[in-house]
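Participant:
In our numbering, the protein residues as written are 1 to 318.
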């Protein structure tokens, strides 16, 4: 089967995805994945690869609506996905599920940009994970390939793309050619994940901007229906963003976020993420994600030496 036919089949199934009712356990698991992913991203914000990206001309230019975690810089959703996903991997400390955390945070900027609620954000995370697990890619794609597929699928549903546009987005994102990467390390591995998820979001936005005729022309080729899965497919769970065995979620988040955020912001941020599906305005979350280092320090009060300050003239009469 041709690549275009495979992408068309995947697009059809993404378009037809019908989310099932979620119980408290499923929602709690998704919230825990969000908290862990956000903590890792804040932990990776000071990493050399993350700071180098922010210092590179033309990357994450200021002026957009989407926050770069741990800073006061707001940029496009696409570049926020690049920086935040890279930081998530850099802060994952060689965890095998590093790409999963990157998948979670890469969707936050798009939700910010489009004015989505916390419920819509958590729905996108869960649906992307569900779709990726059900449409397993060949084992060669690895965790990164699954994260890229989940990211494009979630973005496509957030943007309400038609089936031809979803297929074009999958094709442009290179889902069929996604490769694995070393997990949870700084440098080239973190950048590879960041670039892949940036490209996935960019592909979805490009497909949204294109007309359907152009998308049909792009995917073209053999349109034979696919089977229930891809040959040799392997399913990955994108919500498996794990804490170390025995670790307390709050203690871990407090340690990771406290290195970047003001102490007064860490607990309120954790509380917001614990109830992310109840948040109507994601700006209340991103304001707490801003780094403390970029805030202006309070001005120091300097007193004049005793006896050198002359009283101001006044017309007051007792």
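We put the CB at the ideal spot given by N, CA and C, even for glycine.
(1) Three-state secondary structure (DSSP) at residue 29?
(2) Exposed or buried, what is residue 99 when buried is set at 16 or more other beta-carbons lying within 10 Å of its beta-carbon?
(3) Taking 7 Å as the limit between beta carbons, can you name the residues of its chain near residue 208, skipping five residues before and five after?
(4) Where residue 56 and residue 217 are concerned, what is the direct C-alpha to C-alpha distance, given to the nearest angstrom?
(5) The alpha helix (DSSP H) with residue 274 in it runs from where to where?
(6) Does the Cβ-Cβ distance between residue 125 and residue 30 come in under 8 Å?
(7) Between the Cα of residue 281 and the Cα atoms of 15, 24, 109, which residue gives the shortest distance?
(8) Hey, is the stretch 141–150 in contact with the stretch 88–102, meaning 3+ C-beta pairs nearer than 8 Å?
(9) Out of 17, 167, 195, 286, which has the shortest C-alpha to C-alpha gap to residue 86?
(10) Taking residue 4 as part of the alpha helix (DSSP H), name the residues at either end of that continuous run.
(11) Going by DSSP, what residue range makes up the alpha helix (DSSP H) through residue 84?
(12) Is the beta carbon of residue 6 closer than 8 Å to that of residue 155?
(13) Report the rounded CA-to-CA distance for residue 80 versus residue 66, giving the unit in angstroms.
(14) Quick one: which unbroken alpha helix (DSSP H) runs of 4-plus residues sit fully inside the stretch 110–158? Chain order, please.
(15) Would you mind sorting residue 112 into buried or exposed? The rule is 16 or more other CB atoms within 10 Å of its CB.
(16) With H, G and I counted as helix, E and B as strand and the rest as coil, what does DSSP make of residue 20?
(17) What are the partner residues of residue 66, as DSSP defines its beta bridges?
(18) In its own chain, which residues sit with a C-beta less than 7 Å from the C-beta of residue 187, not counting the 5 before and 5 after it?
(19) Output the distance between the C-alpha atoms of residue 106 and residue 15, rounded to the nearest integer angstrom.
(20) Cutting at 6 Å between CB atoms, please list the residues of its own chain near residue 17, excluding the five before and the five after it.
(21) Am I right that residue 115 and residue 41 are in contact with their C-beta atoms under 8 Å? What's the rounded C-beta distance?
(22) My output table needs one value for residue 188: the three-state DSSP class, helix, strand or coil.
(23) Measuring CA to CA, which of 120, 84, 47, 77 is closest to residue 402?
(24) My assumption, with CB atoms under 8 Å, is that residue 239 sits in contact with residue 135. Please give the rounded CB distance.
Facilitator: The answer reads as follows:
(1) Residue numbering aside, residue 29 sits at position 29 when the chain shown is read from its first letter. Three-state DSSP puts residue 29 in a helix.
(2) Position 99 of the chain shown, counted from the start, is the residue given in the question as residue 99. Buried, since its Cβ has 16 or more Cβ neighbours within 10 Å.
(3) On the chain shown, residue 208 is found 208 positions in, with the first residue counted as 1. Here the set comprises 159, 161, 165.
(4) To locate residue 56, count along the chain shown from 1; it is residue 56. To locate residue 217, count along the chain shown from 1; it is residue 217. In a straight line, the C-alpha of residue 56 is about 36 Å away from that of residue 217.
(5) Translated into positions along the chain shown, residue 274 becomes position 274. Run containing residue 274: 263–274, per the alpha helix (DSSP H) assignment.
(6) Here residue 125 corresponds to residue number 125 of the chain shown, with the count starting at 1. Here residue 30 corresponds to residue number 30 of the chain shown, with the count starting at 1. Contact: yes.
(7) Mapped onto the chain shown, residue 281 falls at position 281. It is 109.
(8) yes
(9) Translated into positions along the chain shown, residue 86 becomes position 86. The shortest C-alpha separation from residue 86 is found at 195.
(10) Within the chain shown, the letter at position 4 stands for residue 4. Start and end: 3–15.
(11) Start at 1 with the first residue of the chain shown, and residue 84 comes out as number 84. Residue 84 -> alpha helix (DSSP H) spans 77–90.
(12) As a first step, residue 155 must be located in the chain shown, where it is residue number 155. As a first step, residue 6 must be located in the chain shown, where it is residue number 6. It is not a contact, given that the beta carbons lie outside the stated cut-off.
(13) Sequence index remark: in the chain shown, residue 80 carries index 80 (1-based). Sequence index remark: in the chain shown, residue 66 carries index 66 (1-based). Between residue 80 and residue 66, the C-alpha separation is close to 6 Å.
(14) 118–134, 142–158
(15) Along the chain shown, one-based indexing puts residue 112 at 112. That one is buried.
(16) As a working note, residue 20 is residue 20 in the chain shown. Three-state DSSP puts residue 20 in coil, outside helix and strand.
(17) The sequence position of residue 66 within the chain shown is 66, counting from 1. In the DSSP output, where bridge partners are listed per residue, residue 66 has 75.
(18) Locating residue 187 in the chain shown gives position 187, counting from the first residue. For residue 187, where only same-chain residues beyond five positions count, the Cβ hits under 7 Å are 49.
(19) Here residue 106 is taken as the residue at index 106 of the chain shown, counted from 1. Here residue 15 is taken as the residue at index 15 of the chain shown, counted from 1. Rounded to the nearest angstrom, the two C-alpha atoms are 21 Å apart.
(20) Numbered from 1 along the chain shown, position 17 holds the residue referred to as residue 17. If we look at residue 17 and ignore the five residues flanking it on each side, its Cβ neighbours are 131.
(21) The residue given as residue 115 occupies position 115 in the chain shown. The residue given as residue 41 occupies position 41 in the chain shown. No, residue 115 and residue 41 are not in contact; Cβ-Cβ is about 22 Å, not under 8 Å.
(22) As a first step, residue 188 is located in the chain shown; it is residue number 188 there, counting from the start. Of the three classes helix, strand and coil, the one that applies to residue 188 here is helix, per DSSP.
(23) With the chain represented from 1 up to 318, any question about residue 402 goes unanswered, as that position is not in the structure.
(24) As a working mapping, residue 239 is identified with position 239 in the chain shown. As a working mapping, residue 135 is identified with position 135 in the chain shown. In fact, because the Cβ distance is near 16 Å, the residues do not count as touching under 8 Å.
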